[in-house]
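Participant: For the sequence shown, the positions run 14 to 363 when my numbering is used.
Here you go, one structure.
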Amino acid sequence: MSRDPVRPLAAAASEDGPEPHEGPVPCLHGMPLAGGPGGPAARWLDGRATPLPAVGDAEGPRLPSSLPPVIDAHVHLFPERVFAAIWRWFGQHGWPIRYPLPTPQVIDFLLSRGVERVVALHYSHAPGMARELNRYVAGICAEHPRVTGLATVLPGEPEALEVLREAHALGLAGVKLHCHVQRFSPDAPELEPLYAFCSEKRWPMVMHAGREPSSRAYPVDPYALCNVTRTERVLRAFPDLQLCVPHLGADEFEGYGRLLERHDGLWLDTTMTLASYFPVEPPRRLFEVRPERILYGTDFPNIPYAWDRELKGLLALRLPEDTLHRVLGANARALYGLPPAAGADLTSDA
Ligand SMILES: [Zn+2]
């Protein structure tokens, strides 16, 4: 493949200069973090036996009717055999899955409880998997107009760019990558053509580029692969890229807050960070920095607690009404170019 002789990521790296907060201990100005202010940046699962415990919390029957339209921007859909393999892994190394539902029931579960739309994510961990998964999700989207499906690809796999082209032609709404599971750094050279494609097509990318939640069971060290500096190189090199980092960039909340201030292409989703499951306080300040860049997401069905726990955590932040409206749906609508909420149609859906 021919490539620009000046590789944009390499150029961005050479501009980095000294990063005042680079290093194992992030700066903690006003930001709570595991280990406490000034303490070591303990990994979330360090010292804890895995799998982590289930939470037997009560679940609400449906979303409160007082809420604006809710889009869950981080839901996982896989074919049954892939779900089964993922749940086996979680059951051993992560946490027990409270909702081991097949894809059609995942969709029914959320929509019947008042969620207006779900953004469906998946990822491949081996070469040659992505095409089939992408076609699977495109098929789901064709059957369920309130599912917005993203594609995936394994960075560096043969024909990676062709896989993305096909997924784009299938009508999928963006691409999801996962640094830990797919074993790459955000600023690795094999990502450049993928970033360039997404930038050119204005095709959003969701990338688990934060260090947490991490697992010692991964064959790579997420702390070696991922950090704020690496993500910023990508944002500098590809200013048109719309990049959404899940888990509010955990655990480098302070660093991702700075990136939000500097880069219009950056978005974050809340997934699992507001549910009081990990030893971390919700980083409320991020909602104040760029309220138009934060998406509500849950990781449903791969969660160990009630389906609406993340929402309860979000509401407990007592954000301004306008911010809540954005986070719960308007921001996802903007990122993915989704149609307005169906309004009256939603109330008849219960
Ligand atoms: Zn997820």
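Ideal Cβ positions, reconstructed from N, Cα and C, are used throughout, including at glycine.
Which residue marks the beginning of the beta strand (DSSP E) containing Ala24, and which one marks its end?
Facilitator: The residue given as residue 24 occupies position 11 in the sequence shown. No beta strand (DSSP E) contains Ala24, which is instead part of the alpha helix (DSSP H) from Pro21 to Ser27.
Participant: So what's Gly162 in DSSP terms, helix, strand or just coil?
Facilitator: Here residue 162 is taken as the residue at index 149 of the sequence shown, counted from 1. In this structure, Gly162 counts as strand in the three-state DSSP scheme.
Participant: Can you give me the start and stop residues for the alpha helix (DSSP H) that Ala133 sits inside?
Facilitator: As a first step, residue 133 is located in the sequence shown; it is residue number 120 there, counting from the start. From DSSP, Ala133 is part of no alpha helix (DSSP H) but of the beta strand (DSSP E) over Arg130 to Leu134.
Participant: Would you decide whether Ala288 is buried or exposed? Buried here means 16 or more other CB atoms lie within 10 Å of its CB.
Facilitator: Walking along the sequence shown from the start, residue 288 turns up at place 275. Under this definition Ala288 is a buried residue.
Participant: To the nearest whole angstrom, what separates the beta carbons of Ala143 and Thr165, a pair I think is in contact under 8 Å?
Facilitator: As a working mapping, residue 143 is identified with position 130 in the sequence shown. As a working mapping, residue 165 is identified with position 152 in the sequence shown. Ala143 to Thr165, Cβ: 5 Å. Contact.
Participant: Please report the Cβ distance between Pro242 and Pro259, rounded to the nearest whole angstrom; I am assuming they are in contact, meaning their Cβ atoms lie under 8 Å.
Facilitator: Within the sequence shown, residue 242 is the residue found at index 229, counting from 1. Within the sequence shown, residue 259 is the residue found at index 246, counting from 1. Correcting the residue identity first, residue 242 is Thr in this sequence and not Pro. Incorrect: roughly 19 Å between the Cβ atoms, too far for contact.
Participant: Do three or more CB pairs link the region 64-73 to the region 112-120 at distances below 8 Å?
Facilitator: Cβ pair count under 8 Å is below three, so no.
Participant: By how many angstroms is the C-alpha of Tyr236 removed from the C-alpha of Val302?
Facilitator: On the sequence shown, residue 302 is found 289 positions in, with the first residue counted as 1. On the sequence shown, residue 236 is found 223 positions in, with the first residue counted as 1. Rounded to the nearest angstrom, the two C-alpha atoms are 25 Å apart.
Participant: Assign Pro33 to one of three DSSP states: helix, strand, or coil.
Facilitator: If you number the sequence shown from 1, residue 33 lands on position 20. Because Pro33 sits at a pLDDT of 38, beneath the cut-off of 50, its placement in the model cannot be relied upon, and the point is left open.
Participant: Can you tell me whether Ser137 is buried or exposed? The criterion is at least 16 other CB atoms within 10 Å of its CB, across all chains shown.
Facilitator: The sequence position of residue 137 within the sequence shown is 124, counting from 1. That one is buried.
Participant: Provide the residue span of the beta strand (DSSP E) that contains Ala182, from first to last.
Facilitator: The residue labelled residue 182 in the question sits at position 169 within the sequence shown. Careful: Ala182 lies outside any beta strand (DSSP E), inside the alpha helix (DSSP H) at Ala173 to Ala182.
Participant: Within a Cβ cutoff of 7 Å, which residues of the same chain sit near Ala222, ignoring the five residues on either side of it in sequence?
Facilitator: Taking the sequence shown and counting its residues from 1, one reaches residue 222 at position 209. Cβ within range, chain order: Cys192, Pro199, Cys239, Thr244 and Val258.
Participant: Kindly provide the ranges of any beta strand (DSSP E) runs that are 3 or more residues long and lie completely inside the region 84-114, ordered along the chain.
Facilitator: Correct list: 84-89.
Participant: Between the region 300-316 and the region 265-276, do three or more beta carbon pairs fall short of 8 Å?
Facilitator: Yes, the region 300-316 touches the region 265-276.
Participant: Runs of 4 residues minimum, wholly inside the region 236-267: which ones carry the alpha helix (DSSP H) assignment?
Facilitator: Listed in chain order, they are 241-250.
Participant: Less than 8 Å between the CB atoms is what I'm expecting for Pro314 and His89, so what's the real figure, rounded?
Facilitator: Walking along the sequence shown from the start, residue 314 turns up at place 301. Walking along the sequence shown from the start, residue 89 turns up at place 76. The pair is a contact, with the Cβ atoms about 7 Å apart (cut-off 8 Å).
Participant: Which partner residues of Met142 appear in the DSSP bridge assignment?
Facilitator: Counting from one through the sequence shown, the residue named residue 142 turns up at place 129. Met142 is not bridged to any residue.
Participant: Consider the C-beta atom of Thr284 and the heavy atoms of ligand 1; say whether any pair is separated by less than 7 Å.
Facilitator: Within the sequence shown, the letter at position 271 stands for residue 284. For ligand 1, at least one heavy atom lies less than 7 Å from the Cβ of Thr284.
Participant: Does the region 323-332 come close enough to the region 91-102 that 3 or more CB-CB pairs lie under 8 Å?
Facilitator: Because the criterion of three Cβ pairs below 8 Å is not met, the region 91-102 and the region 323-332 do not touch.
Participant: Going by the beta-carbon positions, is the gap between Leu123 and Val131 smaller than 8 Å?
Facilitator: Within the sequence shown, the letter at position 110 stands for residue 123. Within the sequence shown, the letter at position 118 stands for residue 131. Yes, Cβ-Cβ distance for Leu123 and Val131 is below 8 Å.
Participant: At a threshold of 7 Å, does Asp312 count as lining ligand 1 (C-beta to nearest heavy atom)?
Facilitator: Sequence index remark: in the sequence shown, residue 312 carries index 299 (1-based). Indeed, a heavy atom of ligand 1 lies less than 7 Å from the Cβ.
Participant: Locate the alpha helix (DSSP H) running through Leu328, then write down its first and last residues.
Facilitator: Within the sequence shown, residue 328 is the residue found at index 315, counting from 1. Run containing Leu328: Arg322 to Ala329, per the alpha helix (DSSP H) assignment.
Participant: Leaving out the 5 sequence neighbours to the left and right, which residues in its chain are closer than 7 Å to Pro295 when beta-carbon positions are compared?
Facilitator: Against the sequence shown, residue 295 aligns to sequence position 282. Around Pro295: Thr286, Leu287, Gly326 and Leu330.
Participant: What are the residues that DSSP puts in a beta bridge with Ala197?
Facilitator: Within the sequence shown, the letter at position 184 stands for residue 197. The sequence shown places Phe at residue 197, not Ala. Partner(s): none; Phe197 has no beta bridge.
Participant: Closest to Phe103 by C-alpha separation, out of Ile84, Thr63, Asp85 and Gly127, would be which residue?
Facilitator: Counted from its first residue, the sequence shown places residue 103 at position 90. Answer by Cα proximity: Thr63.
Participant: For Arg322, collect the residues of the same chain with a Cβ closer than 7 Å to its Cβ; drop the 5 residues on either side in sequence, then sort them by chain order.
Facilitator: Counting from 1 along the sequence shown, the entry for residue 322 is found at position 309. Here the set comprises Asp70 and Ala288.
Participant: Can you give the Cα-Cα distance for Glu209 and Pro21, rounded to whole angstroms?
Facilitator: As a first step, residue 209 must be located in the sequence shown, where it is residue number 196. As a first step, residue 21 must be located in the sequence shown, where it is residue number 8. One detail in the question is off: residue 209 reads as Ala in this sequence, not Glu. Roughly 10 Å between the two C-alpha positions.
Participant: Taking 7 Å as the cut-off, is the CB of His89 close to at least one heavy atom of ligand 1?
Facilitator: Locating residue 89 in the sequence shown gives position 76, counting from the first residue. Within the cutoff, so yes.
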